[in-house]
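Structure first, then comments.
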Amino acid sequence: PADRAAVAAIRAELDRGDVLERAGQARAAHDLAATAVAAAERTAHAPTQARALFLLAQTADAIGDGRAAEAALERALDAAARSADPPLLADAWVRMFGVLGAVQDRFADAARIYRVAQLSVIAAGDPPALRLRLLRDLGSMQLEQGELEAARATFRDLLTREEARPTTRKDELATALNNLGAVEVELGDFEAARRDLARAVELIEADLGPAHPSLSFPLVNLGLVLQDQGRFLESIPYLERAHAIERAAL
């Protein structure tokens, strides 16, 4: 009973951490996650340990510490395996693929575990959220490696799936649009990029407000599109706004 109450309390804290992280308060969420991990380790409940480590890894990534995110996921893989919960284990593998390939640019290491992550998702029943995250990180890795046409195809597939999924959040759809827009910039398809990036900005503003840190990415990309078109004066408001948002988030 004591462990059950402790697990419930930890999960409530993890929910609060998710809210903080979505609100752009990554540092506060990271501190909360570290406390939750310590509390989870005092229980014998491996699924809660894994979920606490997921939040620790996610927030470490958000504050720019990819190595700490990887270390947390190594521990999460162990906890998820002990949980005998296929979706939880698949989640850990997908997250590890993303941290190695899309965050740390360790493409060879990421490629070695991509098939493991893919098969883990299938074994878990192919949950849409995991399949979409795997697609997103695969596209990001393709973009970083200069595989632009492959990245565009991946991100188009991702966007189509996100739009068709009833539970897709606006910020998730905006991320898909921003990623697709970034590839279109690299390919010189500026009109398509402007359309997709402007839609991403509108979605984030409607869902998270006009000063959320995630706005900086599509705003910077919009500014770069205008600069690539030689429209330097028009790019300034977008870049200045992105800079102000990033500065406020420090």
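Take 1233 as the starting number for the sequence shown in my numbering and just add one per residue.
A virtual CB, placed ideally from N, CA and C, is assigned to each residue, including glycine.
Assuming the contact rule is C-beta atoms closer than 8 angstroms, residue i and residue j should be a hit. Round their C-beta distance to whole Å, please.
{"i": "A1268", "j": "E1245", "result": "5 angstroms"}
{"i": "P1318", "j": "A1278", "result": "Not a contact, Cβ separation roughly 14 angstroms."}
{"i": "A1340", "j": "M1373", "result": "With 8 angstroms as the limit, A1340 and M1373 do not qualify as a contact, their Cβ atoms being about 11 angstroms apart."}
{"i": "A1312", "j": "A1282", "result": "4 angstroms"}
{"i": "D1358", "j": "V1417", "result": "With a Cβ gap of about 32 angstroms, D1358 and V1417 do not count as contacting."}
{"i": "G1298", "j": "Q1336", "result": "5 angstroms"}
Residue i and residue j: beta carbons closer than 9 angstroms?
{"i": "G1256", "j": "L1451", "result": "no"}
{"i": "L1305", "j": "S1352", "result": "no"}
{"i": "L1454", "j": "R1426", "result": "yes"}
{"i": "R1338", "j": "A1308", "result": "no"}
{"i": "A1238", "j": "A1270", "result": "no"}
{"i": "A1334", "j": "D1310", "result": "no"}
{"i": "T1275", "j": "D1250", "result": "no"}
{"i": "L1458", "j": "F1464", "result": "yes"}
{"i": "D1247", "j": "F1286", "result": "no"}
{"i": "L1409", "j": "A1438", "result": "no"}
Output needed for residue i: all residues of its chain with C-beta closer than 8 angstroms, excluding positions within five of it in sequence on either side, in chain order.
{"i": "R1556", "result": "Any answer about residue 1556 is impossible in this case: the structure gives the chain only from 1233 up to 1482."}
{"i": "I1436", "result": "K1402, D1403, A1406, H1444, S1446, L1447 and P1450"}
{"i": "V1415", "result": "G1371, L1375, L1380, A1383, R1384 and F1387"}
{"i": "I1345", "result": "W1325, M1328, F1329 and L1332"}
{"i": "E1478", "result": "P1445 and S1448"}
{"i": "A1349", "result": "A1322, W1325, V1326, M1328, F1329 and L1366"}
{"i": "S1315", "result": "A1278, P1279, A1282 and L1321"}
{"i": "E1423", "result": "none"}
{"i": "Y1470", "result": "L1451, V1452, L1454, G1455 and L1458"}
{"i": "R1243", "result": "T1280 and R1283"}
What did DSSP end up calling residue i once you bin it into helix, strand or coil?
{"i": "S1315", "result": "coil"}
{"i": "Q1281", "result": "helix"}
{"i": "T1392", "result": "helix"}
{"i": "P1445", "result": "helix"}
{"i": "G1296", "result": "coil"}
{"i": "T1267", "result": "helix"}
{"i": "A1406", "result": "helix"}
{"i": "E1466", "result": "helix"}
{"i": "D1358", "result": "coil"}
{"i": "T1386", "result": "helix"}
{"i": "D1337", "result": "coil"}
{"i": "T1399", "result": "coil"}
{"i": "D1421", "result": "coil"}
{"i": "A1476", "result": "helix"}
{"i": "A1276", "result": "coil"}
{"i": "A1255", "result": "coil"}
{"i": "Q1459", "result": "helix"}
{"i": "G1413", "result": "helix"}
Can you name, in chain order, every residue of its own chain whose Cβ lies under 6 angstroms from the Cβ of residue i, other than the five neighbours on each side?
{"i": "G1413", "result": "A1425, D1428, L1429 and N1453"}
{"i": "E1302", "result": "V1331"}
{"i": "T1400", "result": "E1394"}
{"i": "E1466", "result": "L1458"}
{"i": "R1473", "result": "L1451"}
Give every residue of the same chain whose Cβ lies closer than 7 angstroms to the Cβ of residue i, excluding the five residues on either side of it in the sequence, and list them in chain order.
{"i": "E1253", "result": "A1261, Q1290, T1291 and A1294"}
{"i": "A1481", "result": "G1256 and P1445"}
{"i": "E1273", "result": "Q1281"}
{"i": "L1419", "result": "L1380 and R1384"}
{"i": "P1398", "result": "none"}
{"i": "A1258", "result": "T1291, A1294 and I1295"}
{"i": "L1264", "result": "E1245, R1248, G1249 and L1252"}
{"i": "A1300", "result": "A1292"}
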